[in-house]
Every structure is written in structure tokens, then in C-alpha cells.
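Remarks on the structure that follows.
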Amino acid sequence: MLKHKKAIIFCATVLLLFLSACAQSNSVSSQNFPIGGLWEVPVEDNGEANWGYASSIANEQHAGYTLARENLEDNSFQDIISGESNQQGEIQVAIREMVEDEEKPVVAVIGATTNEATMRAASLVNFFNVPMLVPSANGDNLLPSNNIWAFRLSAPGFTYANYMFGSVLTKINLTPISGAVIEPSLKIAILYEQNTFGESAAVATARAAMLQEIEIGVYASFSSETIDPDRMVRIMENMAENNVHLAYLITSDPAAARTLVQIFHSRFFKDAMPILVGQAGGFASAEFLESDEAESVYVVRQELVKDQCPTDIESLYEAQAYAAVYLLDQAVKQVEENQPAKQWYEWQAKQTEIAVFREEIRDALKQIRLKVPCLGMVAFDNTGQNKLLNFELVTVKGEQLSILETEDFLNSVRRRAGQLISQ
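Listed below in C-alpha cells is the structure:
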């Protein structure tokens with residue numbers, strides 16, 4: 001991700017989940033449950049998160065997170081910042097302080113924004129035995145191999161590749177247009193950010209494409225810190241020389257996504273430019289989809305079920321954060337309903353009681369199979385991955401975001417392949 005040399009600082013946000021009391025004698029008593037949050041936002045000396053300087057994706061996550069606490073009728077939320085450790089950007093210190101706080105130890109964690117922080121946090125919650133929900137991070141291999149505490153709502157990078165080159169761009173689907181003089185034979189370029197997460201997604205994409213007998217004309221990377229214009233010019237020239245029909249782009253950063261598209265427009269005439277497909281990440285952000293550059297890109301993203309989502313939710317990152325809060329709330333309710341007479345959490349409770357409560361929440365998440373707002377059905381496999389993932393292709397025309405039917409996309413690809421081959 002393009003960091004602009006800005007340190008990633010994570011806010012340890014503590015939310016209070018308030019469960020309403022029932023009128024019956026054995027009802028669950030109202031209890032407050034602190035929840036830790038990790039986001040890419042700077043924290044001031046006074047411990048306050050400065051959202052004006054947060055990354056655009058973190059702001060989207062925070063918007064969905066905040067809307068969830070407003071919409072869930074039987075919950076009350078309050079932000080409490082742990083400043084010093086987050087100010088230093090130390091994830092280990094932040095998690096430890098949230099978990100071991102003597103007055104208000106968290107019962108669960110939600111986050112983070114970046115792949116790097118999510119991977120470190122997922123390892124740490126397994127060490128400290130606290131449940132964690134991962135709403136949005138898109139990298140592969142974020143969860144440790146021995147994971148039993150982290151649960152991921154978002155789709156790993158390789159699943160997007162398997163969808164695009166297993167359900168959409170397949171050998172069967174890529175048939176020539178009826179009556180075409182020249183049979184289109186699809187050739188693609190894979191262009192990815194040069195880090196662990198970009199590389200793993202690119203490798204998965206290449207493997208999936210080759211299984212469909214799709215030729216890879218160009219396979220290239222760019223720096224995740226800054227995009228070198230001269231290098232990009234050479235890559236574009238290579239694409240033109242190899243008669244590439246479709247460029248598959250992978251980056252976590254919205255600014256990098258916009259820059260890539262701008263360079264394509266500067267190097268190709270409209271009729272000669274490859275079809276551009278952006279894989280989630282920066283391309284799925286509001287910053288990108290609301291930009292002029294989005295008009296010429298097809299974006300593959302995790303499905304956003306709009307008719308099962310609050311109308312105020314605009315972006316996938318907002319939706320995923322909203323869904324994470326909702327899902328955690330449902331898990332906490334399940335625990336309380338199973339043992340209604342148990343006073344699970346008190347501010348002065350012993351760590352042993354908190355540990356048992358965390359384990360109960362984890363077990364509820366392991367067993368949950370639920371229709372979640374914005375994301376549809378959610379259930380987790382034994383590794384903590386969401387096993388009910390769905391995807392969609394979206395495009396922007398005239399500032400309006402629309403869902404693209406597979407056949408419409410395929411027709412665009414077939415036509416472009418035929419046009420470029422005949423030139």
C-alpha cells in the first residue's frame with residue numbers, strides 16, 4: 001500500500017455494547033462490553049483519534065462502524081482511546097493494553113485497516129486468547145496457521161482470482177463472437193503492488209488464468225511505496241507490443257489505483273487500451289469509485305447486498321465494518337441467552353472470568369451461520385475464513401455505480417479482443 005512515508009498508527013477504540021434487559025425474572029441484565037478497534041488513524045498526544053488525517057479506507061470503516069452503533073437498538077457505544085501505545089504504532093503494545101487493562105479489558109477486537117497490521121494483530125489475539133473479527137483486509141495468509149481466535153469476513157486475494165478466472169473468464173465463456181472473422185484469443189497482463197500481499201494475489205491470478213488456458217502477455221509489479229512513471233511507461237509499451245487485451249490490476253491503495261488508471265489513459269488511445277479490471281482493495285474504496293478514473297475500470301469485489309443494508313451505507317468498506325459490529329453483537333447475545341443468570345462482565349471482574357467470556361464469544365462465532373446485513377449469509381470454517389463468499393462486478397457510468405451482468409462483461413471482453421487482434 002502506498003504509505004507516503006506516513007507511519008501507520010492504530011487507534012485502540014473501546015466500544016460499549018449494551019444489551020437490554022427483559023421483563024422476565026430470569027432475564028439477562030444489562031452489561032457493558034468493551035470492544036477494541038484497530039484502524040489506520042493517527043492518535044494525538046491527548047489520546048484522541050484524529051480522523052481528519054486517517055486513511056480514506058479507515059474513514060470508510062469508521063463510518064460503517066459508527067452507523068452500526070447507532071442502528072443497533074439494544075446497544076450503546078462509547079469510544080475510549082488508549083493513546084501512547086498507538087501513538088508509537090506498536091500493535092503488540094496496543095493489543096496487550098486492550099486485553100490486560102485492569103479496569104476495562106476488551107472482550108473482542110475488530111480490525112485492522114491494512115494487511116500488515118491485520119496479520120500482526122491476528123497473531124497476537126491468538127497469543128492473548130481474545131476473539132477478533134477481520135472486516136476488510138484483502139491479503140492472503142493473514143490468519144496464522146494455528147488460528148482459533150480470529151474470524152475473517154472479507155475475501156482473501158486468491159478468491160477474487162478464482163472467481164474471475166473460474167466463473168467469469170473461463171474457456172467455455174471465452175468463445176468467439178458469432179460470425180467473427182478473427183477468433184479472439186484472450187491475452188492478459190497482471191500488474192500488482194510489490195509486497196507480500198500483492199505478490200500472493202498475482203501468483204494466484206496467474207495460476208487461475210493458466211488453468212483457463214489464458215495467455216499471460218505481461219506479468220509486472222510496481223512499488224507499493226511510490227509508482228515510478230518511467231517503469232510504468234516501459235510496462236505499458238510491453239503491453240502494447242504483446243497485444244494485451246485485458247489488464248488485471250492489484251493494489252490495496254486507492255491513490256495508487258487512480259494513478260495506474262491515469263497512466264493507462266496517458267499511454268493508450270481509447271480504442272487501443274486494454275480492458276481494465278481492478279481487484280477489490282483500493283479499487284473497491286469510495287475514494288476510487290467516486291473518482292473520474294473509475295469510469296473506465298471494471299471492479300471485482302465482495303458482494304454488497306444493498307437491499308439488506310442500511311441506505312446510508314455507500315461503500316463495501318463501510319458495509320464490512322457495519323457487518324462486523326452486527327455479527328459480534330449477535331455472538332455476545334448468544335452467549336448471554338445461553339446463560340441468562342450469569343453476570344459475565346463487571347469492570348472489576350477477575351481476568352479468569354473475562355477469559356471464559358472471551359472463549360464463549362469465540363465459540364459462538366465458530367458456530368454462527370447467520371444472514372448479516374450488507375454481506376448476506378456468513379459462516380466460518382475451521383480456519384476462521386468466511387466460507388460463504390459471493391462476488392460481483394461493478395462499473396461506474398455517468399457517476400452511477402451499477403452491477404454488471406457476467407454476459408455483458410464477457411461481450412465487452414470478446415469485442416475488445418477481436419478489435420485489438422484485427423488492428
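Numbering (my numbering), first residue to last: 1 to 423. For glycine and all other residues, C-beta sits at the position ideal for the given N, C-alpha and C. Quick caveat, the model's predicted, so the values are computed rather than measured.
Continuous alpha helix (DSSP H) stretch holding residue i: start and end
i: L153; result: No alpha helix (DSSP H) holds L153; DSSP gives it neither H nor E.
i: S291; result: Counting along the chain, S291 falls outside any alpha helix (DSSP H), and DSSP gives it neither H nor E.
i: I263; result: P254 to R267
i: L124; result: N115 to F128
i: Q92; result: I91 to E100
Per-residue DSSP class, three states only, for residue i
i: V356; result: helix
i: A180; result: Reliability fails at A180, whose pLDDT of 47 lies under 50, so the model's placement of it is uncertain and the value that follows must be treated cautiously. If DSSP states are grouped into helix, strand and coil, A180 belongs with coil.
i: L67; result: helix
i: N386; result: strand
i: F33; result: strand
i: A220; result: strand
i: T170; result: coil
i: I275; result: strand
i: F380; result: strand
i: G282; result: helix
i: E215; result: strand
i: S200; result: helix
i: E407; result: helix
i: L143; result: coil
i: A54; result: coil
i: V413; result: helix
i: E40; result: strand
i: A137; result: coil
Close beta carbons around residue i, own chain, < 6 Å, minus the five adjacent residues each side
i: F158; result: D140 and A204
i: A220; result: L191 and I235
i: E407; result: none
i: A63; result: E318
i: F165; result: A208, A209 and Q212
i: N390; result: E303
i: N162; result: A208
Cβ-based burial, residue i [other Cβ within 10 Å; buried from 16]
i: A272; result: exposed
i: S315; result: buried
i: L375; result: buried
i: L249; result: buried
i: D329; result: buried
i: Y53; result: exposed
i: V396; result: buried
i: Q367; result: exposed
i: F425; result: Only positions 1 to 423 of the chain appear in the structure, and residue 425 is not among them; the question remains open.
i: Q400; result: exposed
i: Q385; result: buried
i: I313; result: buried
i: I57; result: buried
i: G418; result: buried
i: S252; result: buried
i: S223; result: exposed
i: Q61; result: buried
i: N50; result: exposed
i: V233; result: exposed
i: F398; result: The sequence as given places Gly at residue 398; Phe does not occur at that position. G398 comes out exposed.
Residue j beta carbon less than 7 Å from that of residue i
i: V168; j: R358; result: no
i: A206; j: M239; result: no
i: A364; j: Q334; result: yes
i: S136; j: Q320; result: yes
i: Q302; j: A155; result: yes
i: A256; j: G278; result: no
i: L327; j: V372; result: yes
i: V394; j: V297; result: no
i: V106; j: G36; result: yes
i: T259; j: I227; result: yes
i: R416; j: H245; result: yes
i: T113; j: W39; result: yes
i: L276; j: A294; result: no
Same chain, Cβ closer than 7 Å to residue i, neighbours up to 5 away in sequence not counted
i: W149; result: V125, N126, N129, V130, P131, M132 and R362
i: T383; result: L143 and N147
i: V305; result: C374, L375 and G376
i: A324; result: I110, L133, P135 and L153
i: Q91; result: Just to set this straight, residue 91 is Ile in the shown sequence, not Gln. Contacts found: F10, A117, R120, A121 and L124.
Residue interval of the beta strand (DSSP E) (run including residue i)
i: K371; result: R369 to V372
i: K187; result: K187 to Q194
i: L328; result: Careful: L328 lies outside any beta strand (DSSP E), inside the alpha helix (DSSP H) at L316 to N338.
i: E392; result: F391 to K397
i: I235; result: Where I235 is concerned, there is no enclosing beta strand (DSSP E), although the alpha helix (DSSP H) it sits in stretches over P229 to E241.
i: S402; result: Q400 to L404
i: G111; result: A108 to G111
i: Y248; result: L246 to I250
i: M132; result: M132 to V134
i: V298; result: According to the sequence as given, residue 298 is Tyr; it is not Val. From DSSP, the beta strand (DSSP E) with Y298 extends over V297 to Q302.
Within-7 Å CB hit, residue i to chain D
i: Q61; result: In the structure shown, chain D does not exist; there is a single protein chain.
Contacting residues, own chain, Cβ-Cβ under 8 Å from residue i (five flanking each side not counted)
i: T170; result: Q212
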